[in-house]
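Trainee:
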Amino acid sequence: MSVCGCFVTSWRCLVVLSLRLLFLVPAGVPVQSGDTSPFNRVMDNLTVRQGDSVLLRCAIDNQMMRTAWLNRSTILFAGRDKWTLDERVSLQTYNNREYTIKINNVQVQDEGLYTCAVQTNLNPRTTNVHLIVQVPPTIVNISSDVSVNEGANVSVVCLATGKPEPVVTWRHLSPIAQGFLSEEEYLEIPAITKQSAGVYECSASNEVSTDIKKVQVIVNFPPYISDAKNLGVAVGQKGILRCEAIAVPTAAFEWYIEDRRIFNGLNGIQIQNKGRLSMLTFFNVSEEDFGNYTCMATNKLGNVTTSLILYGECTNHNYPLLDMQIVIYLGAAQDGKSSGTGIHASAYLLMILCVQLLLKF
């Protein structure tokens, strides 16, 4: 279609040509310092968060003949007529003092230069505003939970997007929260130890907000005995030997007396395993129960053993002068290979001493 055809068939073509010719005129030349006109100037940058609404204001006067709002070379409004098909853009105010449009649910693609063009009897005037859209940070990729053996090298990554570009930091949260370990997307942990296991937090921050995600780092290691004590108990009483082992994965326990494995329920002995604690319970201790016991803790990375002694104890708290306690340790000076004769002899001595005390009482 020819230019003449446009003037004949469509008044909108005339407006388009006028507005585009408007930008060929040097109307954006900086205003002299003494000029107080609100036109022909570049406004300060206007910053808005993604998803918010923004008002683009333009001051006008009663000398104006035509007005329009443009985004780059695209006409949004010409006077009161809406030219854009974008439903988010609307005319907010139009009078002899102000010409304002509104953009709802602002997106990144809305960023850029916006121009308010005003045609008067004398010359065209423009007011420009640069719209900056800020986007909250989003962690788009983070390493899955990690399970490694102690001594391995660990590398985790945290990638984030946002505008302005977010700053990514890593922090070790558990078992005790620590300061920042890294201010980069990648966190490297060489020759990791069991103390470095736990939860690691990735934080992505910019001027808008902060996004946080976490990674669990599991460090596998063989068992070690953290608590095991000998026990003295009188014949006929209840006694419990306790063995505690720390390991990842959790250790499985076995109990032995000398070289014989003890099974749950055998000879009235109960074995209870609760996490890292194993308990060997004697509900009615007899002389045959006294001796040297072995606790073994095992997981896929290794095993560890420790010895515990169940010994006889005789106490007379009512003796008026001595208030004494007689304790016989069975096999305390040996490595768990005491003979049956020695065990029975020690038990016999214990019984004689207890009888003597009772007679004196």
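Position in the sequence shown (from 1) plus 49 gives the number in my numbering.
We put the beta carbon where it would ideally sit given N, CA and C, even for glycine.
This one's a predicted model, so the numbers in the text were calculated from it and none came from an experiment.
(1) Contact between the stretch 120-134 and the stretch 282-293 is defined here as three or more beta-carbon pairs at a separation below 8 Å; is this criterion met?
(2) Is it buried or exposed, F331, if we count other Cβ atoms within 10 angstroms and call 16 or more buried?
(3) Whether or not the stretch 342-356 and the stretch 288-303 are in contact is what I'm after, with contact meaning three or more pairs of Cβ atoms, one per stretch, closer than 8 Å; do they touch?
(4) Apart from the five residues on each side of it in sequence, which residues of its chain come closer than 6 Å, Cβ to Cβ, to N145?
(5) Of all the options P186, L162, E136, L350, which has the alpha carbon lying nearest to the alpha carbon of S252?
(6) Hey, quick one: how far does the beta strand (DSSP E) through W118 stretch, first residue to last?
(7) Assuming V189 and T164 form a contact by the criterion Cβ under 8 Å, report the distance between their Cβ atoms to the nearest whole angstrom.
(8) Quick one: give me the first and last residue of the beta strand (DSSP E) that F302 is part of.
(9) Specify the secondary structure class of S193 as computed by DSSP and reduced to three states.
(10) Which first and last residues belong to the beta strand (DSSP E) in which W219 is found?
(11) In angstroms, rounded to a whole number, what distance separates the CA positions of G324 and A301?
(12) Quick one: what's K131 bridged to in DSSP?
(13) Between the Cα of D101 and those of G314, R174, N154, D194, spot the shortest distance and give me the residue it belongs to.
(14) Which word fits I261, buried or exposed, when buried means at least 16 other C-beta atoms lie within 10 angstroms of its C-beta?
(15) Figure out for me which residue from L230, V97, F270, T116 has the closest Cα to the Cα of V157.
(16) Can you check whether the CB of P272 is closer than 7 Å to the CB of V197?
(17) Let me check understanding here. Comparing Cα to Cα, which of A166, L140, K151 lies closest to R121?
(18) Go through its chain and collect everything with a Cβ distance to S231's Cβ below 6 Å, but skip five positions before and after it.
(19) Could you check which residue in E303, E337, H179, D308 has the C-alpha nearest to that of Q321?
(20) Cα separation between N333 and I318?
(21) Quick check on DSSP: helix, strand or coil for S245?
Mentor: Checking against the coordinates, here is how it stands:
(1) Flag = no, the stretch 120-134 and the stretch 282-293 do not touch.
(2) The residue is buried, with at least 16 neighbouring Cβ atoms inside 10 Å.
(3) Counting C-beta pairs with one atom in each stretch, the stretch 288-303 and the stretch 342-356 have three or more that are closer than 8 Å, which means they touch.
(4) Same-chain partners within the cutoff: N111.
(5) If you compare the alpha carbons of P186, L162, E136, L350 with that of S252, the shortest gap goes to P186.
(6) Run containing W118: 113-120, per the beta strand (DSSP E) assignment.
(7) Cβ-Cβ separation between V189 and T164: approximately 35 Å, too far for a contact (criterion under 8 Å).
(8) For F302, the enclosing beta strand (DSSP E) starts and ends at 301-306.
(9) Shown here, S193 sits in coil according to DSSP, grouped into three states, outside any helix or strand.
(10) Counting along the chain, the beta strand (DSSP E) containing W219 begins and ends at 216-221.
(11) Their backbone Cα atoms lie some 9 Å apart in a straight line.
(12) F126.
(13) Checked all of G314, R174, N154, D194; the closest Cα to D101 is N154.
(14) With fewer than 16 other Cβ atoms within 10 Å, it is exposed.
(15) Ranking L230, V97, F270, T116 by Cα distance to V157 puts V97 first.
(16) Taking 7 Å as the Cβ cut-off, V197 and P272 do not qualify as a contacting pair.
(17) Cα-wise, what sits closest to R121 is A166.
(18) So the qualifying residues of the chain are W219.
(19) The residue with the shortest Cα to Cα distance from Q321 is E303.
(20) One C-alpha to the other measures close to 9 Å.
(21) In this structure, DSSP gives S245 a helical state, which the three-state scheme calls helix.
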